[in-house]
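See structure below.
2 protein chains.
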Amino acid sequence: MRARPSLLYAQSGGMTAVINASAAGVLHAAQQHDIRVLAAVNGVLGMLEEELLDVSRVSKRHIELLRQTPGGAFGSSRFPLGTPESKPAHYRRLIDVMAAHEVRWLLHNGGGGSAGTSLHIANAARAARYPLSVIHIPKTVDNDMALTDFSPGFGSVAKFTAVSVREAAQDLAAMARTSTKVFVMEVMGRHSGWIAASAALAQSRDCPAPQIILFPEVKFDRTRFLQQVEAVVQRDGYCVVVVAEGALLEEGKTAMNSDSEHGRDLWHVQAGHAAPQVATLIKNELGLPCHFSISDYLQRSARHLASSVDSEAAWRVGTEAVALTLRGEDRVMAALKRKTAPTQSKARWTVEPVALTRVAGKEKNLPRHFIQRDGFSVSSSGLRWLQALITGEDYPEFSGGLPLHAPALGKPLARKLPLYNSGS
Amino acid sequence: MRARPSLLYAQSGGMTAVINASAAGVLHAAQQHDIRVLAAVNGVLGMLEEELLDVSRVSKRHIELLRQTPGGAFGSSRFPLGTPESKPAHYRRLIDVMAAHEVRWLLHNGGGGSAGTSLHIANAARAARYPLSVIHIPKTVDNDMALTDFSPGFGSVAKFTAVSVREAAQDLAAMARTSTKVFVMEVMGRHSGWIAASAALAQSRDCPAPQIILFPEVKFDRTRFLQQVEAVVQRDGYCVVVVAEGALLEEGKTAMNSDSEHGRDLWHVQAGHAAPQVATLIKNELGLPCHFSISDYLQRSARHLASSVDSEAAWRVGTEAVALTLRGEDRVMAALKRKTAPTQSKARWTVEPVALTRVAGKEKNLPRHFIQRDGFSVSSSGLRWLQALITGEDYPEFSGGLPLHAPALGKPLARKLPLYNSGS
Numbered sequence: 001m002r003a004r005p006s007l008l009y010a011q012s013g014g015m016t017a018v019i020n021a022s023a024a025g026v027l028h029a030a031q032q033h034d035i036r037v038l039a040a041v042n043g044v045l046g047m048l049e050e051e052l053l054d055v056s057r058v059s060k061r062h063i064e065l066l067r068q069t070p071g072g073a074f075g076s077s078r079f080p081l082g083t084p085e086s087k088p089a090h091y092r093r094l095i096d097v098m099a100a101h102e103v104r105w106l107l108h109n110g111g112g113g114s115a116g117t118s119l120h121i122a123n124a125a126r127a128a129r130y131p132l133s134v135i136h137i138p139k140t141v142d143n144d145m146a147l148t149d150f151s152p153g154f155g156s157v158a159k160f161t162a163v164s165v166r167e168a169a170q171d172l173a174a175m176a177r178t179s180t181k182v183f184v185m186e187v188m189g190r191h192s193g194w195i196a197a198s199a200a201l202a203q204s205r206d207c208p209a210p211q212i213i214l215f216p217e218v219k220f221d222r223t224r225f226l227q228q229v230e231a232v233v234q235r236d237g238y239c240v241v242v243v244a245e246g247a248l249l250e251e252g253k254t255a256m257n258s259d260s261e262h263g264r265d266l267w268h269v270q271a272g273h274a275a276p277q278v279a280t281l282i283k284n285e286l287g288l289p290c291h292f293s294i295s296d297y298l299q300r301s302a303r304h305l306a307s308s309v310d311s312e313a314a315w316r317v318g319t320e321a322v323a324l325t326l327r328g329e330d331r332v333m334a335a336l337k338r339k340t341a342p343t344q345s346k347a348r349w350t351v352e353p354v355a356l357t358r359v360a361g362k363e364k365n366l367p368r369h370f371i372q373r374d375g376f377s378v379s380s381s382g383l384r385w386l387q388a389l390i391t392g393e394d395y396p397e398f399s400g401g402l403p404l405h406a407p408a409l410g411k412p413l414a415r416k417l418p419l420y421n422s423g424s
Numbered sequence: 425m426r427a428r429p430s431l432l433y434a435q436s437g438g439m440t441a442v443i444n445a446s447a448a449g450v451l452h453a454a455q456q457h458d459i460r461v462l463a464a465v466n467g468v469l470g471m472l473e474e475e476l477l478d479v480s481r482v483s484k485r486h487i488e489l490l491r492q493t494p495g496g497a498f499g500s501s502r503f504p505l506g507t508p509e510s511k512p513a514h515y516r517r518l519i520d521v522m523a524a525h526e527v528r529w530l531l532h533n534g535g536g537g538s539a540g541t542s543l544h545i546a547n548a549a550r551a552a553r554y555p556l557s558v559i560h561i562p563k564t565v566d567n568d569m570a571l572t573d574f575s576p577g578f579g580s581v582a583k584f585t586a587v588s589v590r591e592a593a594q595d596l597a598a599m600a601r602t603s604t605k606v607f608v609m610e611v612m613g614r615h616s617g618w619i620a621a622s623a624a625l626a627q628s629r630d631c632p633a634p635q636i637i638l639f640p641e642v643k644f645d646r647t648r649f650l651q652q653v654e655a656v657v658q659r660d661g662y663c664v665v666v667v668a669e670g671a672l673l674e675e676g677k678t679a680m681n682s683d684s685e686h687g688r689d690l691w692h693v694q695a696g697h698a699a700p701q702v703a704t705l706i707k708n709e710l711g712l713p714c715h716f717s718i719s720d721y722l723q724r725s726a727r728h729l730a731s732s733v734d735s736e737a738a739w740r741v742g743t744e745a746v747a748l749t750l751r752g753e754d755r756v757m758a759a760l761k762r763k764t765a766p767t768q769s770k771a772r773w774t775v776e777p778v779a780l781t782r783v784a785g786k787e788k789n790l791p792r793h794f795i796q797r798d799g800f801s802v803s804s805s806g807l808r809w810l811q812a813l814i815t816g817e818d819y820p821e822f823s824g825g826l827p828l829h830a831p832a833l834g835k836p837l838a839r840k841l842p843l844y845n846s847g848s
């Protein structure tokens, strides 16, 4: 029996609190249009290994649960697929697998690097005259993707960061007179300070924290930093420092928790972290009692604190990606376009196609005018832009005190091809 | 003009997400009974330094906001007050300050160590024939206070821990095939594994994590631990390890983030942490890619994820402490007593007075039968007991994407006594 033309959905790269909301959007929209949907297990690796699920018949209730589940329901991939030129066998295999299962549309959900992979797959299919449309669905906590107003996933990590700083600052303020005076919070961001910048949203009339932010974009000046910490403790009684994981790294070194290391990292586990380095410096040089946190995965999986704007955006890039396939679009990303002025804290967005050739391999850094001249804080234009993304709470359902997550979804497809050695 | 007989409220020790709910309960109940309430700024230190606030006229709205604000609204203290024998001048001063402001009731909100201070103050007042009733209000994230079913503050950190593990496990599961295979989460607990144990609540049919918990109560066996990690990764594809900060510490050493260090800690900042030690071990010995988190203050200030049972308990020990003063109680703690069987996950509690002499200096460890024989997990009786405490969500109000916190409350009282040099 010949299968119906199918849409294949695959997740890629590091996870976010809301990437499954995009998956849920895809499943929902595909059901609306009666399109057969498959999901790749562990992204491109499942495509190579022909490990696919039929997720066409997932119930409405399960789509609802999927929407509120962090992590990647079908498994993600950091598999080094290479290019059609460097690894032609991989790309031939991908096309064989898609052909075997009548895949006509590929929806690839990932960050900037994965957008490059989307383009490679599209190019390989075109070269092989295989009829395939490729739509890239953006996601990444780092917010460094080009040509989308923001990357779904970032709004929620921004909210987690700002809320955590505001809460921890209350704790620190109460302890500062006789105990800890400085709290250092490490956030993700090897090359870009988007997440670190979002911490500044915690500031209010009643909350001066975070008083110091260390961005990867600003060269770390140890002396000036220590002077600033001392001045802030003098003025406020306590100081919250937010440090991006890459803010203190010298060229070419990688942090411990960096996903890209894979054992290649020669640094000692602890030395690779920014927060303990900063805390040691403060303790040794200023003699101030100091606590630090490294929330790592907690910050990007905190679905319980997702921003409504962010989870809604994630859902919509999913549903719109399906709509784009129906409109015959190919080699595009379903990008968010802000329809309101960047200075308005209440914003609206549309989803529009942007050519993948313009997205792949590009990075969007934190604009210089979002950082204040002192290099330690965020400008008012930066604050207004960021504010829009943390608006609204989208609490998951809880049962027995814990959030409800989706169970394993989909029906494994029988293999039609011989096994393939991906080398993984 | 002579002031009315007054009730003095003071916070002590490390903060929790809900200690201010106890403060709010005290203010609410005192208003109901038209009692003048003062708050000490920075706990006993404010009492020594005559830094007091009149909080009798705080509005209903502000009490509501106080109830949802983490940290300690009036400042806490880790000031080493000593005993009436070792520091008689301090205790004379405390009584002078209370006498100057007509304080007849002291409500001291703190953990086990602070309960000792409550008793010392009561003893000193009795010896000086100063008419004072002392009621201790329990709080601590560590849950190590004797003779209260649980310590308010613990339920919320338990919920934060269980939710975070369940969320991070989803992330890890999606990454494990081609990237990180082990996630190590460090939680508070130098001597007792209550918080670490609460992580086990994350386990469900769909979530095997956390597969390994390291308790301070169980001697760390490196070989057996590594074998277990390897077996779990083999079986589940990934492994979440939850480690109490004190689980790997040798006798007499202190962790970096420990509040009790105050620069006395000779350990290097990073070496004092359990999570990077465990992660290094796994990476070096098993070669498995590993991430870790140290949430530190975030776990105890996460008011946005407070358990309803916990915040309600915190409020009630506050209101009941006021009721106990009206009933003429003295030298007691307002303790929680569970009225339902410990095996019932839906529980009810009453608040009852327990003599401070029975509480002070005692510690309640995690019962041995809460830990499974393998030493890495929690027994079913432990799970049922813990389950009751994380029930219900008590979300704070949000505005602009962030939780609303109480502003500075109360009116500073004019000093009536000469300055005192506390030596702080």
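Protein chains in written order, with my numbering: chain A, 1 to 424; chain B, 425 to 848.
Idealized CB from N, CA, C, for every residue including glycine.
Remember, predicted model here, so these are calculated numbers, not experimental data.
- Between E744 (chain B) and V775 (chain B), the C-beta gap is smaller than 7 Å, which places the two residues in contact.
- Using a Cβ-Cβ cut-off of 7 Å, S500 (chain B) counts as an interface residue toward chain A, since at least one Cβ of chain A sits closer than that to its own.
- Between the alpha carbons of S622 (chain B) and A323 (chain A) lies a distance of about 44 Å.
- Contact note: P494 (chain B) reaches chain A through E167, Q170, D171, using a C-beta cutoff of 7 Å and chain order.
- Scanning the stretch 165 to 253 of chain A from its first residue to its last, the whole alpha helix (DSSP H) runs of 4-plus residues come out as 194 to 198, 222 to 236.
- Here L780 (chain B) is near R755 (chain B), since their CB atoms are less than 7 Å apart.
- Counted as a single uninterrupted DSSP element, the alpha helix (DSSP H) harbouring E736 (chain B) occupies residues 732 to 750.
- Looking at the backbone, the Cα of L531 (chain B) and that of V461 (chain B) are separated by about 10 Å.
- Taking 7 Å as the cut-off, the Cβ atoms of R303 (chain A) and P152 (chain A) do not count as close.
- Among the CB atoms of chain B, none fall inside 7 Å of the CB of H90 (chain A).
- The residue among A:E51, A:E49, A:R57 with its C-alpha nearest the C-alpha of H33 (chain A) is A:R57.
- Across the stretch 713 to 725 of chain B, CB contacts with chain A closer than 7 Å involve P713, H715, F716, S717, I718, S719, D720, Y721, L722, R724, S725, in sequence order along the chain.
- Secondary structure at R104 (chain A): strand, using DSSP grouped into helix, strand and coil.
- Take the alpha-carbon of F822 (chain B) and the one of V55 (chain A): they are about 36 Å apart.
- Residues of chain B with a Cβ closer than 8 Å to the Cβ of G113 (chain A) do not exist; the shortest Cβ-Cβ separation is about 13 Å.
- A546 (chain B) has its alpha-carbon roughly 11 Å from the corresponding atom of R528 (chain B).
- By the neighbour-count definition (other C-beta atoms within 10 Å, threshold 16), Q234 (chain A) is an exposed residue.
- Against M15 (chain A), the close residues of chain B are Q594, D595, A598, M599, in the order they occur along the chain (beta-carbon pairs closer than 8 Å).
- Here the alpha carbons of S6 (chain A) and S133 (chain A) stand approximately 11 Å from one another.
- Against chain A, a Cβ distance below 9 Å from I814 (chain B) picks out G400, G401, L402.
- For F292 (chain A), the closest C-alpha among the options A:H120, A:L172, A:S301 is that of A:L172.
- Only those residues of the stretch 600 to 623 of chain B whose C-beta falls short of 7 Å from the nearest C-beta of chain A are listed: R601, T602, S603, T604, F607.
- When secondary structure is reduced to three states using DSSP, I371 (chain A) falls in the strand class.
- Short of 6 Å from the beta carbon of A620 (chain B), and not among the five residues preceding or following it, lie these beta carbons of its own chain, in chain order: V611, G613, I637, F639, V666, A668.
- Under the DSSP assignment, S538 (chain B) falls outside any beta strand (DSSP E), being part of the alpha helix (DSSP H) whose first and last residues are 536 to 551.
- The CB of S22 (chain A) never comes closer than 7 Å to any CB in chain B; the least such distance is about 13 Å.
- Excluding sequence positions up to five before and after I63 (chain A), its CB lies within less than 6 Å of the CB of A24, L27, H28, all in the same chain and listed in chain order.
- Going by beta carbons, G834 (chain B) and A463 (chain B) fall inside the 7 Å limit.
- The beta-carbon separation of A582 (chain B) and L810 (chain B), rounded to 6 Å, stays under the 8 Å limit for a contact.
- Boundaries cannot be given for I390 (chain A), as no beta strand (DSSP E) includes it and DSSP labels it neither H nor E.
- Pairing A360 (chain A) with A115 (chain A) gives a Cβ-Cβ distance under 7 Å.
- Taking I519 (chain B) as reference, the option from B:P504, B:P555, B:R751 with the minimal CA-CA separation is B:P555.
- Rounded to the nearest angstrom, the gap between the Cα atoms of R590 (chain B) and A406 (chain A) is 12 Å.
- Here R67 (chain A) really is in contact with W315 (chain A); their C-beta atoms are around 7 Å apart, less than 8 Å.
- Leaving aside the five residues that flank H514 (chain B) on each side, the residues in its chain whose CB is nearer than 8 Å to its CB run, in chain order, L472, L505, G506, S846.
- Taking 7 Å as the upper bound on Cβ-Cβ separation, chain B lies near residues N42, L45 of the stretch 30 to 58 of chain A.
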